[in-house]
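In my numbering, each number is its position in the sequence shown, counted from 1, plus 111.
Structure first, commentary second.
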Amino acid sequence: MASTEIEQLIQLLAKLPGLGPRSARRAALHLIGRREGLMQPLARALAVAAERIHACGRCGNIDTSDPCAVCADGRRDGAMICVVEQVADLWALERTHAYKGLYHVLGGTLSALDGIGPEDLRIVGLVARARAPETHEVILALGATVDGQTTAHYVTERMAECGVIITRLAHGVPVGGELDYLDDGTLIAALKARRPV
Ligand SMILES: [Zn+2]
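Below, the structure written as C-alpha cells:
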C-alpha cells in the first residue's frame, strides 16, 4: 500500500485529461524516480503558473500579463475578432500563423444539459467589443457540435445590432478544443473559406 501522500499525488494526476488511474500511477512513479530532474522543477513551474497566470480581462486568453500579449500587440489587426470556445483553440490558430487579428475566448458553449447559460460565458464582453467602432468583422470558430452551433446562433443574435460583419469558419471543422488535432493546412483553408453567417 502506498502512503497517503503518494495516493494523493496519484489521485491528482488521474484528474488530468488523458490520464486514468493506471497511467497516473506510472506518472507518479516516473516523477518520484526523477526527483531533482523533473519533480522539483515541475512543482516550481506549477507554483509559478498558479500564482502568475490569469485570464486576460479583455479576451479571456491566459497569460502572465493583463491585457495578454495578443491583445497588447499593436501589430495585430484590431478590426477582426475570432471567437473560440477554449484557449486551446486560440493556441491552435496561433500555431498556423495565418490569423493576425484578435481573439475572444468564450470559456465553453451554452449547454442546457450541463446548465451553462449565457451568464457563464464571456458574452457581454464580446458584444461590447463587437460594438466598438474599430471592430469590423467577428469570425465564429465554434464547434460543429449541437452546443457549439446553438452558441454560434445565440451570439450572432446578440451581435445583430452591433454593425459588424459576422462570419464563420468553413463547415465541418471540429473545434472546441479540437482544433489542436487539425493539421495547419486544414485550419488555414477553413479560415480562408470563412463565409457570412
Ligand atoms: Zn487578451
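The C-beta atom is built at its ideal place from N, Cα and C for all residues, glycine as well.
Since we're looking at a predicted model, the values are computed, not measured.
Residue burial annotation: residue 276 is exposed, with fewer than 16 other C-beta atoms found within 10 angstroms of its C-beta. In terms of side-chain proximity, the C-beta atom of residue 193 is found no nearer than 7 Å to any non-hydrogen atom of ligand 1. Judged by DSSP in its simplified three-state form, residue 292 adopts helix. If you check the CB distance, residue 273 and residue 238 come in under 8 Å. In the structure shown, residue 275 falls within a coil segment according to DSSP collapsed to helix, strand and coil. Here residue 153 is exposed, its C-beta having fewer than 16 other C-beta atoms within 10 Å. Burial state of residue 292 is exposed, judged by a 10 Å Cβ sphere holding fewer than 16 other Cβ atoms. Relative to ligand 1, the nearest heavy atom lies less than 7 Å away from the CB of residue 178. Rounded to whole angstroms, the separation of the alpha carbons of residue 222 and residue 134 is 31 Å.
Collapsing the DSSP output to three states places residue 190 in a strand.
In this structure, the straight-line span from the alpha carbon of residue 161 to that of residue 121 is close to 20 Å. In the DSSP annotation of this structure, the continuous segment of the beta strand (DSSP E) that includes residue 215 starts and ends at 212-216. Listed in chain order, the non-local C-beta contacts of residue 251 below 6 Å within the same chain comprise 194, 263 and 279, local neighbours out to five positions each way being set aside.
By the C-beta density criterion, residue 208 is exposed, having fewer than 16 other C-beta atoms within 10 angstroms. Non-local beta-carbon contacts of residue 215 in its own chain, meaning distances under 6 Å to residues more than five positions away in sequence, involve 170, 192, 194 and 237 in chain order. Within the chosen limit of 7 Å, ligand 1 does not reach the beta carbon of residue 159 with any heavy atom. Under DSSP, residue 174 shares a beta bridge with 165. In the structure shown, residue 128 adopts coil according to DSSP, grouped into three states.
When the beta-carbon positions are compared, residue 213 and residue 185 stay at least 8 Å from each other.
Between residue 196 and residue 129 a beta carbon distance of about 19 Å is seen, past the 8 Å cut, so the two are scored as non-contacting.
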